[in-house]
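**Student:**
Residue numbers (the UniProt record's numbering): 1 to 252.
1. Please state whether DSSP places residue 233 in a helix, a strand or coil.
2. With the cut-off set at 8 Å, would you say residue 153 and residue 78 are in Cβ contact?
3. According to the neighbour-count rule (16 or more other Cβ atoms, all chains shown, within 10 Å of its Cβ), is residue 146 buried or exposed?
4. Can you tell me whether residue 218 is helix, strand or coil according to DSSP?
5. Considering only DSSP beta bridges, list what residue 178 is partnered with.
6. What is the DSSP secondary structure of residue 6, reduced to helix, strand or coil?
7. Quick one, are the C-beta atoms of residue 60 and residue 11 less than 8 Å apart?
8. Anyone know if the C-beta pair for residue 90 and residue 72 falls short of 8 Å?
9. Ends of the alpha helix (DSSP H) at residue 254?
10. Out of 120, 173 and 8, state which residue places its alpha-carbon closest to the alpha-carbon of residue 253.
11. Go ahead and pull the three-state DSSP assignment for residue 213.
12. Using three-state DSSP, classify residue 141 as helix, strand or coil.
13. Which whole-angstrom value describes the C-beta separation of residue 243 and residue 226, a residue pair presumed to lie in contact below a C-beta threshold of 8 Å?
14. Would you tell me roughly how many angstroms separate the C-alpha atoms of residue 52 and residue 206, rounded to the nearest one?
15. How would you label residue 249, buried or exposed, when you count the other beta carbons within 10 angstroms and need 16 or more for buried?
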């Protein structure tokens, strides 16, 4: 697939799915805008890309979201593709004292930031007849207990938000789709465990929750993102594409 001269913003691109997506886009000719909170990790990803624009930002801050768009347009002159990938998982129980704090923190990153950045990017995407790919999760349709109620709720909201704006922006030639991964080997699990043995055990457990008894690598999800962002998917909008190794069909 060719992304020559396409300007692409990838949030959460300092690691995992975002990093893999940005690197693949750059190799296919895109002008990539790397967005993340960790400058050191962003720099490591930038070394694997061709002259990217690197923006250290916190997507829950309005001024940072505005800076992402403004810096992109100032540097590249346009925007063709927005990939909303940044996300967090807070595992607090609904019975916990910090339930609402956990919920608000999760929604601020996983939903509010996506809506706000999309709002800021949309006028530029209309000009280029570009597209948006939102990284959701199978947790949007299947409750995933260990990820927590806030995460599950945020991803269900992302799916419906994506369909809503796909309907609204279709007349302007802008496509909007979701990618809904199952278990993916990223650093999201690092905060859930204390030792390497526990981490290895976590991923072995995750395998048992899939029909194919495997966990995806970030690059697999990135391939699907690139397809949806490319002209090969010019007839696809308002859809959610699952890549979960059969987790949704796995019998408990």
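Where is the CB? At the ideal position from N, CA and C, for every residue including glycine.
**Tutor:** With the structure as the only source:
1. Translated into positions along the chain shown, residue 233 becomes position 233. Helix, per DSSP.
2. Numbered from its first residue, the chain shown carries residue 153 at position 153. Numbered from its first residue, the chain shown carries residue 78 at position 78. No, Cβ-Cβ distance for residue 153 and residue 78 is not below 8 Å.
3. Locating residue 146 in the chain shown gives position 146, where the first residue counts as 1. Residue 146 comes out exposed.
4. One-based indexing of the chain shown puts residue 218 at position 218. Note: residue 218 maps to helix in three-state DSSP.
5. Reading the chain shown from its first residue, position 178 is the one you call residue 178. In DSSP, residue 178 forms a bridge with 134 and 240.
6. Within the chain shown, the letter at position 6 stands for residue 6. DSSP places residue 6 in coil when its eight states are reduced to three.
7. By 1-based counting over the chain shown, the position of residue 60 is 60. By 1-based counting over the chain shown, the position of residue 11 is 11. Cβ atoms of residue 60 and residue 11: not closer than 8 Å.
8. Residue numbering aside, residue 90 sits at position 90 when the chain shown is read from its first letter. Residue numbering aside, residue 72 sits at position 72 when the chain shown is read from its first letter. Going by C-beta atoms, residue 90 is not nearer than 8 Å to residue 72.
9. The displayed coordinates of the chain run from 1 to 252. Any statement about residue 254 would go beyond what the structure contains.
10. With the chain represented from 1 up to 252, any question about residue 253 goes unanswered, as that position is not in the structure.
11. For the purposes of this step, residue 213 is taken as residue 213 along the chain shown, with counting starting at 1. Three-state result, residue 213: coil.
12. Counted from its first residue, the chain shown places residue 141 at position 141. Three-state DSSP puts residue 141 in coil, outside helix and strand.
13. The residue given as residue 243 occupies position 243 in the chain shown. The residue given as residue 226 occupies position 226 in the chain shown. Wrong, their Cβ atoms sit about 12 Å apart, outside the cutoff.
14. For the purposes of this step, residue 52 is taken as the residue at position 52 of the chain shown. For the purposes of this step, residue 206 is taken as the residue at position 206 of the chain shown. So the alpha carbons of these two residues sit roughly 34 Å apart.
15. Here residue 249 refers to the residue found at position 249 of the chain shown. Here residue 249 is exposed, its C-beta having fewer than 16 other C-beta atoms within 10 Å.
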